[in-house]
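All remarks here apply to the structure that follows.
As structure tokens, this is what we get:
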């Protein structure tokens, strides 16, 4: 499609119907969506995992992805973190009048592809068009529904003293990719977002280690903030070693130049996995055998002391408390 | 809460956590939301009805409601239209930096109250804060999940020749209330949005008449557009009589002044109900006994001729085709 988006496309009338038919139905097509009733009919049994996220990332196209793919990956991942198999997504668009329809189509195509690759179907949608200046290009809400595979489900409340803290790969790629694109910076080695759907890797880990205690993807606020949340929810201390946390040299370099800490930058294709010590090696082996977990490593352990805190051992052997993110490093990162 | 919203409130860090704790958890509190994992765990069995809608209404406060209550009513109603009992909502906020926190709290309180009154729980949420000018105050996505009560479920595909077309009340109230507020117009009799959750009334109708063929709420595009959708989905003609369609005198007067047609204005607390002729009186009796269906009436019937069309008999006895909405009467109506 070419041209510009008009207010008319959000009216609920003829132009809306054409947009839905020629854009959304074409790229998201499946038999549930095709019914076009006010709600989608899902033949599914519980227990279910449900998660919602609105994506406002700026710019909408960035190295390694775009807002469409990200809106699928992000919600697929949140559903997966409850030990669930994501099956269905809904999507709600807020679009700015005057948006280039070619850009919208690129985003929609990317979203459709990401959904197919992750094995999820987009079953319901909504489109609002707001006047020029009332939104910035494209915002996308996705809500994901999946079936929980293990009982009890992994939860931020289940980290227990003695557990190993594993991480599937390097930190900070997504955050730095967005920031450098936005500011027109280029580094010697390009920095690319890690955004990816983690559901199949999570499935393999659960097959090998059904008793995973915690799964959590360190998005906004980064690894440091996410570990603090888990420490708080479980009432335990998370002890990690700085030297074990993988950071890509290009990301480390960019962060040094910009005064950013990669431990507080958002990731969109990595997860933290906390398992009983006895299961740690099995989980790591599964992760390392998958392209999305090749850099998996053990970064620390859970202890009973310092409940609610994250304690990091520095390369020089000192220990410091790693707090939650304070202030805003970077708005519209996801 | 007082003061202004900062970018910080959307960072995922400390300020975000405070906003979530002091605003959303306080007013939406329930045991599922309280777990605060990446996804909510729902103990529910299918088949399910799922619907999503993003609300961008301008202004955010209007006679008869606000964007918070509307975001609950709208999605509760869409889920109900599949003959389902809505149980859970997710909500995704996009908030503009600088938003008055008092206004946000009014919206959140109203949303919490609307959810409690409709018997639904808000089980997952997300908040994004975008820089000043990147969004207009507040956008809210809600996604609703409910259990389908009847089999087969009502669907826009099930209108059959001989069926009666019923309507629960007057047309155009929401659309005109929004427009008149936005333009600073006042009429002799105040025009108030009809926005309301219809789930309990739908439940009563299904108890009395399990074989409801179609339920649909005429929101964007109004009654005329919604009947066209049903006619198209079912491959039938919808024949209605103009004189039977209830329109409040204040709405009719306002529409006359402004050159608007109430049959194309959005409604947020009414539904179309298409049932076998033999069930029509029973359904109307149930509707009229409920405050939200007091003005219920029969507006026409389904026929095999003119498939895909809506044919309206005018008060003078002429017949005309009623098309879908073309052009945009009114952006940001919901």
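Chains as they are written, first to last, in my numbering: chain C, 2 to 335; chain X, 2 to 335. Cβ coordinates follow ideal geometry from the N, Cα and C atoms, glycine included. Just so you know, these numbers come straight off a predicted model, no measurement behind them.
What's the call for residue i, buried or exposed, on a 16-neighbour Cβ count within 10 Å?
| i | result |
| --- | --- |
| residue 156 of chain C | buried |
| residue 18 of chain C | buried |
| residue 377 of chain C | The first residue shown for chain C is 2 and the last is 335, placing residue 377 of chain C beyond what the model contains. |
| residue 159 of chain C | buried |
| residue 302 of chain X | buried |
| residue 97 of chain X | buried |
| residue 320 of chain X | exposed |
| residue 187 of chain X | exposed |
| residue 250 of chain C | exposed |
| residue 137 of chain C | buried |
| residue 317 of chain X | exposed |
| residue 258 of chain X | exposed |
At a Cβ threshold of 8 Å, is residue i touching chain X?
| i | result |
| --- | --- |
| residue 42 of chain C | yes |
| residue 112 of chain C | no |
| residue 308 of chain C | no |
| residue 204 of chain C | no |
| residue 336 of chain C | What is shown of chain C runs 2 to 335, which leaves residue 336 of chain C out entirely. |
| residue 211 of chain C | no |
| residue 45 of chain C | yes |
| residue 89 of chain C | yes |
| residue 313 of chain C | no |
| residue 350 of chain C | Nothing about residue 350 of chain C can be read from this structure; chain C reaches only from 2 to 335. |
| residue 108 of chain C | no |
| residue 351 of chain C | Outside the modelled stretch of chain C, which goes from 2 to 335, sits residue 351 of chain C, for which no answer is possible. |
| residue 37 of chain C | yes |
| residue 136 of chain C | yes |
Under a three-way DSSP split, which group does residue i fall into?
| i | result |
| --- | --- |
| residue 290 of chain X | coil |
| residue 31 of chain C | coil |
| residue 185 of chain C | coil |
| residue 163 of chain C | coil |
| residue 326 of chain C | coil |
| residue 143 of chain C | strand |
| residue 104 of chain C | helix |
| residue 248 of chain X | coil |
| residue 215 of chain X | strand |
| residue 26 of chain C | helix |
| residue 196 of chain X | coil |
| residue 334 of chain C | coil |
| residue 15 of chain X | helix |
| residue 87 of chain C | strand |
| residue 42 of chain X | strand |
Identify which residue in the options has its Cα closest to the Cα of residue i.
| i | options | result |
| --- | --- | --- |
| residue 56 of chain C | C/27, C/232, C/112 | C/112 |
| residue 77 of chain X | X/22, X/217, X/27 | X/217 |
| residue 141 of chain X | X/75, X/275, X/331 | X/75 |
| residue 200 of chain C | C/291, C/253, C/179 | C/291 |
| residue 260 of chain C | C/331, C/246, C/316 | C/331 |
| residue 309 of chain X | X/231, X/213, X/256 | X/231 |
| residue 63 of chain C | C/26, C/33, C/104, C/88 | C/104 |
| residue 59 of chain X | X/255, X/248, X/185 | X/185 |
| residue 118 of chain C | C/128, C/149, C/70 | C/70 |
| residue 304 of chain X | X/275, X/128, X/282 | X/275 |
| residue 94 of chain X | X/270, X/126, X/204, X/152 | X/126 |
| residue 89 of chain C | C/164, C/116, C/65 | C/116 |
| residue 225 of chain X | X/190, X/268, X/196 | X/268 |
| residue 323 of chain C | C/151, C/243, C/108, C/192 | C/243 |
Looking at chain C, is there any beta carbon in it that lies within less than 8 Å of the beta carbon of residue i?
| i | result |
| --- | --- |
| residue 327 of chain X | yes |
| residue 83 of chain X | yes |
| residue 218 of chain X | yes |
| residue 169 of chain X | no |
| residue 79 of chain X | yes |
| residue 119 of chain X | no |
| residue 201 of chain X | no |
| residue 92 of chain X | yes |
| residue 333 of chain X | yes |
| residue 305 of chain X | no |
| residue 221 of chain X | yes |
| residue 86 of chain X | no |
I'd like to confirm something about residue i: is its beta-carbon nearer than 7 Å to some heavy atom of the ligand SAH, or not?
| i | result |
| --- | --- |
| residue 106 of chain C | The model depicted lacks the ligand SAH and carries no ligand whatsoever. |
Legend entry - Contact list for the stretch 152–166 of chain C against chain X, Cβ threshold 9 Å: 154, 155, 156, 157, 158
Inset, instruction - Could you please tell me which residues of the stretch 9–25 of chain X, in chain order, have their CB closer than 9 Å to any CB of chain C? - result: 9, 10, 11, 12, 13, 14, 15, 16, 17, 18
Legend entry - Within 9 Å of chain X by C-beta, residues of the stretch 49–68 of chain C in sequence order: 49, 50, 51, 52, 53, 54, 55, 56, 57, 59
Inset, instruction - Compile a chain-ordered list of the residues in the stretch 224–252 of chain C whose CB is closer than 7 Å to at least one CB of chain X. - result: 226, 234
Legend entry - Interface positions of the stretch 259–285 of chain X facing chain C (Cβ-Cβ less than 9 Å), listed along the chain: 265, 267
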